[in-house]
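Enquirer: Once you've had a glance at the structure underneath, I'll fire off some questions.
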Amino acid sequence: MDEKSATYDVVIVGFGPVGATLANLLTQQGLTVAILEREAGVYHLARAGHFDAEVMRVFQSIGVAAEVEAQSGITFGMRWLDADGALLMEWRRGGEKGPFGWVSDYMFHQPDLERTLRAKLNTSTQVKMFLSHDVYDIREQSDHVVIRAEDTANSRLVEICGRYVVGCDGARSLVRRCIGSEHEDLGFKQRWLVVDVLESRDLGLERISIQHCNPERPMYASSLANRRLRWEIMVMPEDDVTQIVRENSVWNFIENSVRPIRREDGEITRAAIYTFESLIAKKWRKSRLLIAGDSAHRTPPFLGQGMCAGIRDAANLAWKLAAICQGRASQELLETYQPERMPHVRAFVQGAIEFGKIIEMADPEALLARTRDMRANPKAYAPPNPALGPGGVGKEYGTKGLGRQVVQPHLADGLMDDQIGHSFAILSTSEFPKIHDEAHRRLTSLPHLKWIVLSQQNASLLDGYGAPAIVVRPDRYVHACAHDGSDLLAVINALPLSLH
Ligand SMILES: Cc1cc2nc3c(=O)[nH]c(=O)nc-3n(C[C@H](O)[C@H](O)[C@H](O)COP(=O)(O)OP(=O)(O)OC[C@H]3O[C@@H](n4cnc5c(N)ncnc54)[C@H](O)[C@@H]3O)c2cc1C
Numbered sequence: 053m054d055e056k057s058a059t060y061d062v063v064i065v066g067f068g069p070v071g072a073t074l075a076n077l078l079t080q081q082g083l084t085v086a087i088l089e090r091e092a093g094v095y096h097l098a099r100a101g102h103f104d105a106e107v108m109r110v111f112q113s114i115g116v117a118a119e120v121e122a123q124s125g126i127t128f129g130m131r132w133l134d135a136d137g138a139l140l141m142e143w144r145r146g147g148e149k150g151p152f153g154w155v156s157d158y159m160f161h162q163p164d165l166e167r168t169l170r171a172k173l174n175t176s177t178q179v180k181m182f183l184s185h186d187v188y189d190i191r192e193q194s195d196h197v198v199i200r201a202e203d204t205a206n207s208r209l210v211e212i213c214g215r216y217v218v219g220c221d222g223a224r225s226l227v228r229r230c231i232g233s234e235h236e237d238l239g240f241k242q243r244w245l246v247v248d249v250l251e252s253r254d255l256g257l258e259r260i261s262i263q264h265c266n267p268e269r270p271m272y273a274s275s276l277a278n279r280r281l282r283w284e285i286m287v288m289p290e291d292d293v294t295q296i297v298r299e300n301s302v303w304n305f306i307e308n309s310v311r312p313i314r315r316e317d318g319e320i321t322r323a324a325i326y327t328f329e330s331l332i333a334k335k336w337r338k339s340r341l342l343i344a345g346d347s348a349h350r351t352p353p354f355l356g357q358g359m360c361a362g363i364r365d366a367a368n369l370a371w372k373l374a375a376i377c378q379g380r381a382s383q384e385l386l387e388t389y390q391p392e393r394m395p396h397v398r399a400f401v402q403g404a405i406e407f408g409k410i411i412e413m414a415d416p417e418a419l420l421a422r423t424r425d426m427r428a429n430p431k432a433y434a435p436p437n438p439a440l441g442p443g444g445v446g447k448e449y450g451t452k453g454l455g456r457q458v459v460q461p462h463l464a465d466g467l468m469d470d471q472i473g474h475s476f477a478i479l480s481t482s483e484f485p486k487i488h489d490e491a492h493r494r495l496t497s498l499p500h501l502k503w504i505v506l507s508q509q510n511a512s513l514l515d516g517y518g519a520p521a522i523v524v525r526p527d528r529y530v531h532a533c534a535h536d537g538s539d540l541l542a543v544i545n546a547l548p549l550s551l552h
């Protein structure tokens with residue numbers, strides 16, 4: 053067996069969007085990272101087509117937001133129509149930049165995003181990427197983990213060591229199995245045919261998504277980015293799955309869909325059947341092994357949130373792993389990961405299941421009730437906005453805006469997050485440091501803490517917290533409020549990590 057002797061701070065198994073995001077976040081904080089991926093290149097077919105402003109903030113913190121923005125399209129929202137085309141529910145998006153500093157929702161082409169994340173990593177000397185490496189064995193030792201993989205380019209076996217291993221290895225995660233975690237099944241399971249089309253020219257289609265809640269053939273149609281269109285078509289019990297993926301059959305669906313285009317106007321780039329499921333791993337960590345992204349949870353894609361949830365996992369883990377590997381926190385900090393993230397992701401999975409029930413509804417009585425209630429009075433949809441769960445870093449998350457993301461104002465020299473970087477931050481009114489100068493003096497010397505004094509105009513963002521200062525975590529979630537200097541010092545001193 054070939055030995056690869058270095059011990060990395062973190063070994064990431066799986067180089068999908070979640071692994072690539074996590075690797076960027078860790079290397080930018082100075083950690084050494086190895087990534088092992090069994091494929092030789094980026095997976096060429098898109099799965100995710102949508103991400104939100106919170107995820108764009110993570111890309112901003114990595115330094116790829118401008119490039120990702122240029123590759124992405126915006127969306128003006130989603131409409132749910134019944135079989136007759138009548139409106140049942142609507143989610144309107146304005147397409148302009150909002151309180152998080154970005155447009156609330158973007159449509160994109162997943163391979164473009166993954167290439168961008170990898171290109172950014174290529175500029176780092178902290179990372180080693182092992183492509184065509186299939187991980188087959190993971191063994192935990194007292195202070196490190198040994199990972200064995202086959203280099204499938206030359207059939208050699210390699211051994212790599214890491215202080216921590218994060219499995220971003222997708223639905224069939226080996227790391228999850230090594231943790232010994234089973235799934236909790238939230239009960240949704242349905243096959244859908246997923247079709248992507250590249251327009252032969254810009255067809256000028258409205259930039260919205262449509263959920264056609266037609267019991268005869270539930271269907272979703274959407275514009276992604278750069279002339280790419282998506283249809284998701286429910287597989288019915290009577291379908292012959294070998295037939296419905298054929299080109300003629302797929303065009304037949306599209307031409308008769310709620311968003312019809314002619315076959316001469318596009319080229320099918322993928323038609324494949326996926327099983328949409330709702331699974332959450334019961335255990336996300338065992339000592340030095342962790343899981344994130346699809347290896348920890350899978351959701352039906354009706355809310356476009358599967359990858360988004362995985363990127364939130366990465367943002368949650370990154371600052372904790374950085375603090376531990378830099379000796380600023382004990383390994384116990386990792387105990388906060390699953391309690392914070394699991395209830396958050398569960399809210400999105402349950403939201404997607406509820407959507408699934410509306411779209412897939414087939415029971416005649418339920419359909420009548422839907423027509424009566426929703427068609428007569430179409431609802432405005434609002435996406436879930438859960439707080440991080442209890443049992444994490446903050447005991448009061450879920451109250452007073454704590455445990456939710458802070459907004460991102462424009463400061464005199466640009467967007468706020470760019471000034472905070474990967475640090476904790478205090479956001480305060482301009483009066484606060486003057487009155488509490490001792491706290492200001494002590495805290496502004498800490499290397500992992502930034503103090504942002506808000507202009508009068510921006511200080512209104514603190515109104516909802518009922519305090520003149522708040523403490524924000526590196527993943528931009530609000531940790532605590534502070535009413536005065538001693539309050540603030542107490543909050544910082546009680547953090548389960550050092551900011552020195
Ligand atoms: C039809 C569809 C539509 C979707 N739409 C959206 C959407 O609009 N928005 C959204 O946010 N999400 C969406 N999703 C979900 C999203 O695609 C996934 O959540 C996301 O791709 C998961 O990323 P990941 O990095 O966790 O895992 P993956 O992308 O699955 O990456 C895992 C990687 O690990 C590698 N790997 C696995 N095992 C090993 C091993 N033993 N050794 C080495 N490498 C290994 C794999 O080769 C793979 O590259 C959609 C999914 C589907 C199917």
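Letter by letter, the sequence shown follows residues 53 to 552 in our numbering.
Idealized CB from N, CA, C, for every residue including glycine.
Can you check which of these residues, 241, 495 and 388, is closest to residue 288 by C-alpha distance?
Expert: Within the sequence shown, the letter at position 236 stands for residue 288. Nearest of 241, 495 and 388 to residue 288, Cα basis: 241.
Enquirer: Mind checking which residues open and close the beta strand (DSSP E) that includes residue 264?
Expert: Taking the first residue of the sequence shown as position 1, residue 264 is located at position 212. Taken as a continuous stretch (DSSP letters only), the beta strand (DSSP E) holding residue 264 covers 261 to 265.
Enquirer: Just grab the DSSP bridge partners of residue 229 for me.
Expert: Stepping through the sequence shown from its first residue, residue 229 is reached at position 177. DSSP lists no partner for residue 229.
Enquirer: Measuring from the CB of residue 69, is there a heavy atom of ligand 1 at a distance below 6 Å?
Expert: For this step, residue 69 is matched to residue 17 along the sequence shown. For ligand 1, at least one heavy atom lies less than 6 Å from the Cβ of residue 69.
Enquirer: What residues match up with residue 286 in a beta bridge as DSSP calls it?
Expert: The residue you call residue 286 lines up with position 234 of the sequence shown. Paired residue(s): 244.
Enquirer: Ligand 1 heavy atoms versus the CB of residue 377: any closer than 6 Å?
Expert: In the sequence shown, counting from the first residue as 1, residue 377 sits at position 325. For ligand 1, not one heavy atom lies less than 6 Å from the Cβ of residue 377.
Enquirer: What's the call for residue 346, buried or exposed, on a 16-neighbour Cβ count within 10 Å?
Expert: Here residue 346 is taken as the residue at index 294 of the sequence shown, counted from 1. So residue 346 ends up on the buried side.
Enquirer: Ignore the nearest five residues each way along the sequence and tell me which others in residue 370's own chain have a CB closer than 8 Å to its CB.
Expert: Translated into positions along the sequence shown, residue 370 becomes position 318. So the list reads 74, 77, 78, 81, 474, 526 and 527, once near-sequence residues are dropped.
Enquirer: Based on the DSSP output, what are the partners of residue 186 in its beta bridges?
Expert: Counting from 1 along the sequence shown, the entry for residue 186 is found at position 134. Bridge partners of residue 186: 202.
Enquirer: Pull up the distance between the alpha-carbon of residue 178 and that of residue 522, whole angstroms please.
Expert: Within the sequence shown, the letter at position 126 stands for residue 178. Within the sequence shown, the letter at position 470 stands for residue 522. Roughly 33 Å separates the two Cα atoms.
Enquirer: Residue 327 by DSSP, collapsed to three states: which one?
Expert: Here the question's residue 327 lines up with position 275 in the sequence shown. Residue state, collapsed to three classes: strand.
Enquirer: Quick one: measure Cβ to Cβ for residue 219 and residue 226, integer angstroms, because I've assumed they're closer than 8 Å.
Expert: Position 167 of the sequence shown, counted from the start, is the residue given in the question as residue 219. Position 174 of the sequence shown, counted from the start, is the residue given in the question as residue 226. Indeed they touch by this definition, with Cβ atoms about 7 Å apart.
Enquirer: Using a Cβ-based criterion (distance less than 6 Å to any ligand heavy atom), does residue 326 qualify as near ligand 1?
Expert: In the sequence shown, residue 326 corresponds to position 274, counting from 1. Indeed, a heavy atom of ligand 1 lies less than 6 Å from the Cβ.
Enquirer: With a CB to CB cut of under 8 Å and the five nearest residues on each side skipped, what residues in its chain are close to residue 458?
Expert: For the purposes of this step, residue 458 is identified with residue 406 of the sequence shown, where counting begins at 1. 479, 513, 522, 524, 528, 529 and 530, listed in sequence order.
Enquirer: Flag residue 290 as yes when its Cβ comes closer than 6 Å to any non-hydrogen atom of ligand 1, and as no otherwise.
Expert: On the sequence shown, position 238 is the one that residue 290 refers to. Checking the Cβ of residue 290 against ligand 1 gives no.
Enquirer: Look at residue 145 and residue 157 and say whether their C-beta atoms are less than 7 Å apart.
Expert: Translated into the one-based positions of the sequence shown, residue 145 becomes position 93. Translated into the one-based positions of the sequence shown, residue 157 becomes position 105. Their beta carbons are under 7 Å apart, which means residue 145 touches residue 157 by this criterion.
Enquirer: Can you tell me whether DSSP reads residue 371 as helix, strand or coil?
Expert: The residue you call residue 371 lines up with position 319 of the sequence shown. Helix, per DSSP.
Enquirer: Is residue 274 closer than 7 Å to residue 280 when the C-beta atoms are compared?
Expert: In the sequence shown, residue 280 corresponds to position 228, counting from 1. In the sequence shown, residue 274 corresponds to position 222, counting from 1. Cβ distance not < 7 Å, so residue 280 and residue 274 don't count as in contact.
Enquirer: Taking only three categories from DSSP, how would you classify residue 401?
Expert: For the purposes of this step, residue 401 is taken as residue 349 along the sequence shown, with counting starting at 1. Residue state, collapsed to three classes: helix.
Enquirer: Could you give the DSSP three-state label for residue 539: helix, strand or coil?
Expert: Along the sequence shown, read from residue 1 onward, the residue named residue 539 stands at position 487. Here residue 539 sits in helix by DSSP.
Enquirer: Is the closest heavy atom of ligand 1 to the C-beta of residue 100 under 6 Å?
Expert: Residue numbering aside, residue 100 sits at position 48 when the sequence shown is read from its first letter. Within the cutoff, so yes.
Enquirer: Are the stretch 410 to 429 and the stretch 107 to 126 in contact at 8 Å, needing three or more beta carbon pairs?
Expert: In short, these stretches do not touch, since the Cβ pair count stays below three.
Enquirer: Can you give the Cα-Cα distance for residue 88 and residue 64, rounded to whole angstroms?
Expert: The residue you call residue 88 lines up with position 36 of the sequence shown. The residue you call residue 64 lines up with position 12 of the sequence shown. Cα to Cα, the separation comes out at about 6 Å.
Enquirer: Which value, in whole angstroms, describes the spacing of the CA atoms of residue 489 and residue 543?
Expert: Sequence index remark: in the sequence shown, residue 489 carries index 437 (1-based). Sequence index remark: in the sequence shown, residue 543 carries index 491 (1-based). Near 16 Å, if we compare the C-alpha coordinates of residue 543 and residue 489.
Enquirer: According to the Cβ coordinates, are residue 202 and residue 250 closer than 7 Å?
Expert: Translated into positions along the sequence shown, residue 202 becomes position 150. Translated into positions along the sequence shown, residue 250 becomes position 198. Contact: no.
Enquirer: With residue 454 and residue 446 assumed to form a contact (beta carbons below 8 Å), what rounded beta-carbon distance in angstroms separates them?
Expert: By one-based count along the sequence shown, residue 454 stands at place 402. By one-based count along the sequence shown, residue 446 stands at place 394. With 8 Å as the limit, residue 454 and residue 446 qualify as a contact, their Cβ atoms being about 6 Å apart.
Enquirer: Helix, strand or coil, according to DSSP, for residue 336 in the structure here?
Expert: Mapped onto the sequence shown, residue 336 falls at position 284. Looking at residue 336 - three-state DSSP - the assignment turns out to be coil, as it is neither helix nor strand.
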